[in-house]
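Asker:
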Amino acid sequence: MPFSRRLAPYLLVLPGGLWLAVFFVVPVAMMASLSLQTGNLIDGFRQTFHWQNYTDGLGTYGDTFVRSLWYGLLATILCIALAYPAAYWIAFRAGRRKSSYLLLLLIPYFVSFVLRTVAWKLVLTDNGPVLGPLRDHGIVPSDFHVLDTTTAVVAGLTYTYLPFMVLPVYVALERLDPRLIEAAHDLHADRTAAFARVVLPLSLPGVFAGVVMTFVPASADYVNAEILGGPRNTMIGNVIQAQYFDDGAYPVASALSFTLMAILLAGIFLYARALGTRGILDTPTP
Amino acid sequence: MKFPARRRFSPLRLYTLLLIAWLLLPIAVMIVFGFNDVHGKQNFRWEGFTLRWYTHLFAKPDLTTAALNSLTIAALSTAMATALGTPLGLALARHRFRGRGTATAVLFLVIACPDLVMGASLLSMFVTFDVPRGYPTILAAHTMVATAFVATTVRARAVSLDPSLEEAAEDLGATAWPRFRLITLPLITPGILAGALLAFVLSIDDFVIANFTSGTTLTFPLWIWASTRTGTPPQVNVLGTLIFAIATALAALAGIRGSRTQRKPASRAPRSADAVGR
Amino acid sequence: MSPVRRRDALRLAGTALALSACGVKGRAATPDVTSFWAGKRRTGRLSWANWPGYIEDDRATLTAFEKDTGIRVAYREAIQEMGPWFGKIRAPLAAGQSIGFDLMVMTNGIQLEQCRRLGYLAPLDLSRLPNFAAHAAPGFRNPSYDPGNAFTVPYEAGITGIAYNTKYVDEEITSIAQLFAPKYRGRVGMMSDAQELGSFGLFSVGVDPETSRPSDWEKAAARLRRQRDDGIVRKYYTQDYVDAVSKGDVWLTMAWSGDVYTLTSPDVKFVVPSEGGTLWTDNLCIPRTASSPVDALTLMDWLYLPAHNAPLTEFVNYITPVSGVQEIVRRDAAQATGRERADLTRLGASPLVFPSASDMARLRRYRRLTPDEQPRYLGIFEPIARGS
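Chains as they are written, first to last, in my numbering: chain A, 1 to 286; chain B, 1001 to 1278; chain C, 2001 to 2388.
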């Protein structure tokens, strides 16, 4: 093999790899180091290797962590339930218009979430177009409301991350060779059986990728809880964000972010093991 | 080919359309309130129809700047990420080399890592090294995220290609560059386009990472957030509508182009039609 | 207030003064005005960082200033919130580097206090601020957060009081105690900011926030916690409470005067509670590393001429620190026609923009916190809105 041939992959990888190293790997390392420092914004921070930031953070905000993971889980389950049928229909039935439908699912992202969430507030307000009539007709009790509740936050999370579930599931289904389904029918499998024995198992890698891509950001989200949630819906992202910006408590904030990342990655790893996927890195991404 | 779903009523089709409607509902609200004839500073009650905000679109210079920042950062980071991520994705798909596992893992981590953690870690680095934050740091951060997405989509695409096509070209005496330009590039274009689209969307929508890396430069979402203190002006809705319209048009165009490039190689290389034509 | 309490308060005020005197003697706040301004010259350029929506859309005030003085202004809406803003300017200011701005607008509070103490701000040469001396309204001179206006002059101010929607609340709201009433369970909005929330908690237990002690903070926090745990608070707001109260999601809420004014809704009323309200101020200040401090000082003074300030107030609708503006607004109203006339008439008569003397007398500022007190204060009040 000529020299240039052997060198080629490194040359291809170098620019992008370097960028990712400088702006992802190094920052994460810096954050890890910062999480073991003590001090304050004014006097500066010193590397003390105290684990106190971690124990304090988990001690004070342990229940917030649990709540965030719980909301993330709920939103993920809802996303699977909502996304799968649509992805299925687009992959198998939408024909030539597949890409148009996919685009329709993605375009809400062309609008900043700030505007989208503000719009949701307009829609979901107590006396708004949805709840107003429901209450006037006595369908819901007079003090019923959606805004500032757990329901609103989980619904907001589901809304925000739904496309991240639809896309990988779609990709997995779309890759599926239709002849496999025909084969199943030839073997006298009815539609349900063909779905349960052929389509569903083969689409699971997509669902897996979708779970990673929704559960992780949903658990770390803070905007939905901030705008749509009430006093009891604070998520760990709100705490981290406030620690960085309002308090300048960088070490504690770093420790909390690092803990969050560790929990989520450990979760993904265990989940991948439990699911027996061939290796999480091979899952299709959109 | 026939599309039975379009002939008869299908509950799944109805469901999909309802889901899309749900996703688009807040966009519709945003567009409508861009035509709201408000007189106070708060734009959340319908007060009548006007085109005033379209004709006075650029009346708020800093809002215009912020929107331009968002657009240019999205465009630049997409372009840079395409340049950085395409070779990376190709190398990961086609070559075995030392560090391949690490590179793949890093890509996965970037995609899986919550924005909050990425923003926080970037801020940690900038604070530690006293890097002034501003336009360049947002651009660098967005490029980083986008590179991972482009590399991943290109890799996914390139893995499924038939290597015999390139081998054939090599047998026919094509040297490295023409081989890449004429064979490989058209084949991986859908992957590049998908990655670029994701990169653009993630950049234009991003609030969290920009919030951590922005310094005194404000992007469109950051400006909106800040303006809630004194009332978000309807121009925000109008700009949101226009960005939405432009981005949608571009994406649709890219989609059309993408599907054309997809078809061409498939007809030339029927053997790999399954992998390419999709 | 009982005599004992008043004596306590006085003693505390004395301590606070003594403390602030120490601060003045310390490295940070030495107002070495002469040495700072010696050799500083006009450059004809000025770079100004402000919050969005704090100047007319067409920048008419800036145009007028440029015409009057020949100083060109680069104006940027660069500030979104005080915490992040401080995070951004701290490093360059600590290193003695420019932050790219000669003038910035900072709210009185933790971050401004830190900038003051750390010597990040240029000491003001009051002799070059004759308009400020002549026209600053009494309530805005020599504020507790910046004794003697050593580093800041107010730009705009606002009141934190209570807004309530008369469609849902059928009694008159006059006091903070009503924010704690069980009958409004789930219909009360509070602010999440620790200083705003803390001040209202302190008012509610009968303590003046400005002179409060840590034991008062505990007591106030306990009351606020009970209010939260009893389900009375629907939400802790950062800034989006205005639409909530106008649409009836909450019926009564802590609110800023300017927001309620711009709401222009006949249903939503604003009151300064009987226990007291908070007066907060957004202040003009010059970073020590500014490259055109003289030009910045010129703008500060220029803005204090009532005729220059009036158009700004007519746009911003917050409380102006310049006296005599109300008369100009009323005169403008008399000369205007149509819708503009109605708007200006309303403005000139509004107690939200031109508060009455009795309202002003009930207003207090945030507690000024020493570096040692700050973590304690935040540690007590911050977790409340964060649900822990």
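The C-beta atom is built at its ideal place from N, Cα and C for all residues, glycine as well. Since we're looking at a predicted model, the values are computed, not measured.
Which residue from B:Val1236, B:Ile1246, B:Ile1209 and B:Ser1077 puts its Cα closest to that of B:Met1118?
Answerer: Here the question's residue 1118 of chain B lines up with position 118 in the second sequence. The option with the nearest alpha carbon to B:Met1118 is B:Ile1209.
Asker: Please name the residue, chosen from A:Leu82, A:Val153, A:Ile139 and A:Gly95, that lies closest to A:Thr117 on a Cα-to-Cα basis.
Answerer: In the first sequence, counting from the first residue as 1, residue 117 of chain A sits at position 117. The shortest Cα separation from A:Thr117 among A:Leu82, A:Val153, A:Ile139 and A:Gly95 belongs to A:Val153.
Asker: Using a Cβ-Cβ distance under 9 Å, would A:Gln52 count as near chain B?
Answerer: Position 52 of the first sequence holds residue 52 of chain A. Not one chain B Cβ lies under 9 Å of A:Gln52.
Asker: Residues of the stretch 1124-1137 of chain B with a CB closer than 8 Å to any CB of chain F: list them in chain order, please.
Answerer: Absent here is chain F; the protein component of the structure consists of chains A, B and C.
Asker: For C:Ser2047, write down the residues that DSSP places opposite it in a beta bridge.
Answerer: Position 47 of the third sequence holds residue 2047 of chain C. Answer is C:Ala2074.
Asker: Under the three-state reduction of DSSP, which class applies to C:Leu2352: helix, strand or coil?
Answerer: Here residue 2352 of chain C refers to the residue found at position 352 of the third sequence. Coil, per DSSP.
Asker: CB C:Val2294 to CB C:Val2233, shorter than 9 Å?
Answerer: Reading the third sequence from its first residue, position 294 is the one you call residue 2294 of chain C. Reading the third sequence from its first residue, position 233 is the one you call residue 2233 of chain C. Not closer than 9 Å, so no.
Asker: Could you tell me which residues DSSP puts in a beta bridge with C:Ile2159?
Answerer: Taking the third sequence and counting its residues from 1, one reaches residue 2159 of chain C at position 159. Looking at the DSSP assignment, C:Ile2159 forms a beta bridge with C:Leu2279.
Asker: Considering only C-alpha positions, which residue in the set A:Phe23, A:Gln47 and A:Gly59 is nearest to A:Ile236?
Answerer: Here residue 236 of chain A refers to the residue found at position 236 when the first sequence is read from its first residue. For the residues A:Phe23, A:Gln47 and A:Gly59, the minimum Cα distance to A:Ile236 belongs to A:Gly59.
Asker: Who are the near neighbours of C:Thr2262 in its chain, counting only those whose CB is closer than 6 Å to its CB and skipping five residues on each side?
Answerer: Position 262 of the third sequence, counted from the first residue, corresponds to residue 2262 of chain C. Result list for C:Thr2262: Asn2317, in chain order.
Asker: Indicate whether the contact test is met: 3 or more Cβ pairs, each with one atom in the stretch 2322-2341 of chain C and one in the stretch 2125-2137 of chain C, closer than 8 Å.
Answerer: As far as the Cβ criterion goes, the stretch 2322-2341 of chain C touches the stretch 2125-2137 of chain C, which means the pair count is three or higher.
Asker: Does DSSP put C:Ala2136 in a helix, in a strand, or in coil?
Answerer: On the third sequence, residue 2136 of chain C is found 136 positions in, with the first residue counted as 1. It is a strand residue.
Asker: Between C:Trp2256, C:Trp2302, C:Trp2280 and C:Asp2243, which lies nearest to A:Leu122 when the distance is taken from Cα to Cα?
Answerer: By one-based count along the first sequence, residue 122 of chain A stands at place 122. The residue with the shortest Cα to Cα distance from A:Leu122 is C:Asp2243.
Asker: Considering only residues of the stretch 1102-1160 of chain B, which uninterrupted alpha helix (DSSP H) runs meet the minimum length of 4 residues and lie entirely inside it, listed in chain order?
Answerer: Qualifying alpha helix (DSSP H) stretches, in chain order: 1115-1128 and 1135-1159.
Asker: Out of C:Glu2056, C:Thr2174, C:Pro2306 and C:Phe2086, which has the shortest C-alpha to C-alpha gap to C:Pro2130?
Answerer: Taking the third sequence and counting its residues from 1, one reaches residue 2130 of chain C at position 130. Among C:Glu2056, C:Thr2174, C:Pro2306 and C:Phe2086, the Cα nearest to that of C:Pro2130 is on C:Pro2306.
Asker: Between C:Ala2361 and C:Met2254, what straight-line distance do the alpha-carbon atoms span, to the nearest angstrom?
Answerer: Position 361 of the third sequence holds residue 2361 of chain C. Position 254 of the third sequence holds residue 2254 of chain C. Cα-Cα distance, rounded: 19 Å.
Asker: Enumerate in chain order the residues of its own chain whose CB-to-CB distance from C:Leu2284 is below 7 Å, with the five nearest sequence positions on each side excluded.
Answerer: As a working note, residue 2284 of chain C is residue 284 in the third sequence. Around C:Leu2284: Leu2103, Val2105, Thr2152, Val2153, Tyr2155 and Met2300.
Asker: Indicate whether at least one CB of chain B lies closer than 9 Å to the CB of C:Trp2051.
Answerer: Walking along the third sequence from the start, residue 2051 of chain C turns up at place 51. Judged by the 9 Å Cβ criterion, C:Trp2051 is in contact with chain B.
Asker: Which chain C residues sit within Cβ distance under 8 Å of B:Val1121?
Answerer: Position 121 of the second sequence, counting from 1, holds the residue named residue 1121 of chain B. Reading the sequence as shown, one finds Ser at residue 1121 of chain B and not Val. Within 8 Å Cβ-Cβ: nothing; B:Ser1121 doesn't reach chain C, min ~15 Å.
Asker: Just to make sure I have the definition right: I need the residues of chain C whose C-beta is within less than 8 Å of the C-beta of B:Gly1215. Which are they?
Answerer: As a working mapping, residue 1215 of chain B is identified with position 215 in the second sequence. Residues of chain C passing the Cβ test: Lys2088.
Asker: Can you have a look at C:Cys2022 and say buried or exposed, based on whether 16 or more other CB atoms are within 10 angstroms of its CB?
Answerer: Counting from 1 along the third sequence, the entry for residue 2022 of chain C is found at position 22. Note that C:Cys2022 has pLDDT 39, beneath the 50 cutoff, so the model's placement of it is unreliable and the number below is only indicative. Burial call: exposed.
Asker: Mind checking which residues open and close the alpha helix (DSSP H) that includes C:Arg2059?
Answerer: In the third sequence, residue 2059 of chain C corresponds to position 59, counting from 1. Per DSSP, C:Arg2059 belongs to no alpha helix (DSSP H) and is neither H nor E.
Asker: Span of the alpha helix (DSSP H) holding A:Lys121?
Answerer: Position 121 of the first sequence holds residue 121 of chain A. Where A:Lys121 is concerned, the enclosing alpha helix (DSSP H) stretches over Phe113 to Leu124.
Asker: Mark C:Pro2355 as exposed unless 16 or more other C-beta atoms lie within 10 angstroms of its C-beta, in which case mark it buried.
Answerer: Stepping through the third sequence from its first residue, residue 2355 of chain C is reached at position 355. So C:Pro2355 counts as buried.
Asker: What residues of chain C sit near B:Gly1040, judged by a beta carbon separation below 7 Å?
Answerer: Position 40 of the second sequence, counted from the start, is the residue given in the question as residue 1040 of chain B. Within 7 Å Cβ-Cβ: Thr2262, Leu2263 and Thr2264.
Asker: Step through the CB atoms of chain A and report whether any lies within less than 9 Å of the CB of B:Val1238.
Answerer: As a first step, residue 1238 of chain B is located in the second sequence; it is residue number 238 there, counting from the start. Cβ-Cβ to chain A under 9 Å: no for B:Val1238.
Asker: Under 9 Å between the Cβ atoms of C:Thr2069 and C:Asp2282?
Answerer: Numbered from 1 along the third sequence, position 69 holds the residue referred to as residue 2069 of chain C. Numbered from 1 along the third sequence, position 282 holds the residue referred to as residue 2282 of chain C. Their beta carbons are not under 9 Å apart, which means C:Thr2069 does not touch C:Asp2282 by this criterion.
Asker: Taking the alpha-carbon positions, what's the C:Ala2157 to C:Thr2313 distance?
Answerer: For the purposes of this step, residue 2157 of chain C is identified with residue 157 of the third sequence, where counting begins at 1. For the purposes of this step, residue 2313 of chain C is identified with residue 313 of the third sequence, where counting begins at 1. For C:Ala2157 and C:Thr2313, the distance between alpha carbons rounds to 11 Å.
Asker: To be precise: take each residue of the stretch 1069-1100 of chain B, compare its Cβ to all Cβ atoms of chain A, and keep it if any distance is under 7 Å. Which residues remain?
Answerer: So the close ones are Leu1084, Gly1085, Pro1087, Leu1088, Leu1090, Ala1091, His1095 and Phe1097.
Asker: Run the CB neighbour count on B:Ile1073, radius 10 Å, all protein chains shown included, and call it buried at 16 or more, exposed below.
Answerer: Here residue 1073 of chain B corresponds to residue number 73 of the second sequence, with the count starting at 1. That one is buried.
Asker: Pick out the complete alpha helix (DSSP H) segments inside the stretch 2246-2296 of chain C, 4 residues or longer, and give them in chain order.
Answerer: Here the runs fully enclosed are 2257-2263.
Asker: By Cβ distance, which residues of its chain are closer than 7 Å to A:Pro15, with the 5 residues on each side in sequence left out?
Answerer: The residue labelled residue 15 of chain A in the question sits at position 15 within the first sequence. Result list for A:Pro15: empty, nothing under 7 Å.
Asker: Can you name the start and end residues of the beta strand (DSSP E) that A:Thr38 belongs to?
Answerer: Stepping through the first sequence from its first residue, residue 38 of chain A is reached at position 38. Residues Gln37 to Asn40.
Asker: Once the 5 residues before and after B:Val1238 are set aside, which same chain residues still bring their CB inside 8 Å of it?
Answerer: Counted from its first residue, the second sequence places residue 1238 of chain B at position 238. Same-chain partners within the cutoff: Gly1034, Trp1053, Tyr1054 and Leu1057.
Asker: Quick check on B:Ile1192 - is its C-beta less than 9 Å from some C-beta in chain A?
Answerer: As a first step, residue 1192 of chain B must be located in the second sequence, where it is residue number 192. No, B:Ile1192 does not count as interfacial toward chain A.
Asker: Hey, C:Trp2280 and C:Ile2159: beta-carbon distance below 9 Å or not?
Answerer: One-based indexing of the third sequence puts residue 2280 of chain C at position 280. One-based indexing of the third sequence puts residue 2159 of chain C at position 159. Yes. Within cutoff.
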